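What follows is a set of notes on a single structure, which appears directly below.
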Amino acid sequence: VVDSVNLNHVADAITRQRNAAMDEFELFYDSSSSTWHVTGAGLKRFVQMTNW
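Going by the numbering used here, the first residue of the sequence shown is number 35, and it counts up by one from there.
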């Protein structure tokens, strides 16, 4: 008998990522490498679609 597992949280997370706006991002500065890192679901999706 297989126990049923509620995976609604996974579907909710995917929906949030797909609906993320381009202006919802965060900037991080890494002083050890002197580089900036930009994270955000909308921005990541844009980069994937445009091959940037």
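Yeah, the Cβ is synthetic: ideal placement off N, Cα and C, and Gly gets one too.
Note that this is a predicted model, so its numbers are computed, not measured.
Could you check what DSSP says for Leu77 in three-state terms: helix, strand or coil? helix
Kindly list the residues whose CB is nearer than 8 angstroms to the CB of His71, restricted to its own chain and excluding five residues on each side of it in sequence; keep chain order. Leu61, Phe62, Tyr63 and Asp64
Pick helix, strand or coil for Val44, following the three-state DSSP scheme. helix
Just how far apart, CA to CA, sit Gly76 and Ser67? 25 angstroms
DSSP has Thr69 in a bridge; who is on the other side? Asp64
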